[in-house]
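The working numbering applies: residue 5 is where the sequence shown begins, and numbers increase by one.
By construction, the Cβ of each residue, glycine as well, lies at the ideal position given by its N, Cα and C atoms.
It should be emphasised that the depicted structure is a prediction, and the values quoted were computed from it without experimental measurement.
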Amino acid sequence: MTPAFDDPRLERLASKLSEASSNGAVTLAYSGGLDSRFLAFFAKLAGFRVRLLHVTGPHVAPAETAEAVAEARAMGLEAELVPLDPADMPDLAAAGRLRCYVCKRHIFTELLRIAGDAQLCDGTNHSDLAVYRPGRKALEELSIRSPLAEADISKDEIRSLGAALGFRNPGQMARPCLLTRFPYGMKPAARDLILAADAEAAVEALMKEDDRLPGLRFRCRFPDGISPVIHLERTSVSHAEAPELLAEGLRKKLGERASGLRVELVDELSGWFDRPVRN
Numbered sequence: 005m006t007p008a009f010d011d012p013r014l015e016r017l018a019s020k021l022s023e024a025s026s027n028g029a030v031t032l033a034y035s036g037g038l039d040s041r042f043l044a045f046f047a048k049l050a051g052f053r054v055r056l057l058h059v060t061g062p063h064v065a066p067a068e069t070a071e072a073v074a075e076a077r078a079m080g081l082e083a084e085l086v087p088l089d090p091a092d093m094p095d096l097a098a099a100g101r102l103r104c105y106v107c108k109r110h111i112f113t114e115l116l117r118i119a120g121d122a123q124l125c126d127g128t129n130h131s132d133l134a135v136y137r138p139g140r141k142a143l144e145e146l147s148i149r150s151p152l153a154e155a156d157i158s159k160d161e162i163r164s165l166g167a168a169l170g171f172r173n174p175g176q177m178a179r180p181c182l183l184t185r186f187p188y189g190m191k192p193a194a195r196d197l198i199l200a201a202d203a204e205a206a207v208e209a210l211m212k213e214d215d216r217l218p219g220l221r222f223r224c225r226f227p228d229g230i231s232p233v234i235h236l237e238r239t240s241v242s243h244a245e246a247p248e249l250l251a252e253g254l255r256k257k258l259g260e261r262a263s264g265l266r267v268e269l270v271d272e273l274s275g276w277f278d279r280p281v282r283n
C-alpha cells in the first residue's frame, strides 16, 4: 500500500504509478534530467521498488551519465546502463523534423525489450504536451506510460513539489539530447558531438569559477552544421561582459577546438531548430 499524500497532485501521481506497477515495482526510462529523476524519487518515496534504465551513447554527454548515476545512488537506487548509438541509424538524417520520433522509437523499442513484461514509464510531464514533441508519437505507439503527464503535473509543479518534499536540485536545468544541437537532415560527426558536450561542460566550469557568470542558461549548437555557437538566453545574463568573458574562457579551456566558436545572445533557448524560417 502506498502512503497517503496531502497534496491531490501527489495522490494522482501515486495512483498513476500504481496503475503502471507490477508487483510493487515500476520501471522507468531514466535520463537523469529533472523529470525522470523526480519520478524516480517520488516512486521510491511512495513505496515502490524502482528499476532505472539509462541510455548511454555519443548523443549523451559522459558528464550527464555520471551525474545521472550519482543522483540515482543518492536516492538509494542503481541506474542500469544501456549502450545505444542512434547516430548509426541510417534513417535518422533522412527523418528531418521527425528525427526525435525515429530516435525515440529506436531507443524505447530496445528499452521495452530489456524491461520484459514490465510496463515502461518515462518522465514526460504535462507541460510537454503543449509544445512540439514529435517523440511523443513514438511513446504512444509503443504504449509507454507517462505518469507525470497523466497526473497533470507541469514542469513548474515538479520544481515546487520537489522542493517541498526535499528533492535534490529541483532547479536543475534542462539538457536535451546532443543530437538536438544540430540541424535536421544531417548526421553529426562523433567529434562534433564530443565538442558540444565538452563545450557545455566548460561553460559549467566557468560559471563556477567566475562570479560574473552566474545562472547562465545555454546550449552549444551548430546552426550551420559546421561551426559551434554558444547560445545564451538573454534573460539569464546578469553581466554585460558575460559573452566576451565566456568566449575568452572557452578559448583557454578548449584550445584549438574553440577556433571559430562564437557566443550569441538569444531570446528563447529551447526549440532553436523548430523556429519558423525567416527570410
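The straight-line gap separating the alpha-carbon atoms of Leu152 and His130 is approximately 7 Å.
Taking C-beta separations shorter than 7 Å and ignoring five residues to either side along the sequence, the partners of Arg13 in its chain run Ala155, Ile157, Glu161 and Leu165, following chain order. Assignment of His243 by DSSP, reduced to helix, strand and coil, places it in the coil class.
In this structure Met190 is in contact with Ala97, their Cβ atoms being roughly 6 Å apart against a cut-off of 8 Å. Burial check for Tyr34: the Cβ neighbour count within 10 Å reaches 16 or more, so the residue is buried. In the DSSP annotation of this structure, the continuous segment of the alpha helix (DSSP H) that includes Glu154 starts and ends at Pro151 to Glu154. Of the residues assessed, Gly127 falls on the buried side of the cut-off, its CB having 16 or more other CB atoms within 10 angstroms.
Within the model, the alpha-carbon separation for Phe226 versus Ala203 is close to 12 Å. Within the model, the alpha-carbon separation for Val270 versus Gln123 is close to 40 Å. The residue among Val233, Tyr136 and Gly275 with its C-alpha nearest the C-alpha of Ala262 is Val233.
DSSP places Phe46 inside the alpha helix (DSSP H), whose first and last residues are Leu38 to Leu49. In the DSSP secondary-structure assignment, Leu57 is bridged to Ala33 and Glu84. Contact annotation: Arg53 and Val73 have beta-carbon atoms that are not nearer than 9 Å.
Around the C-beta of Val135, fewer than 16 other C-beta atoms lie within 10 Å, and the residue is accordingly described as exposed. Under the three-state reduction of DSSP output, Ile162 falls in the helix class.
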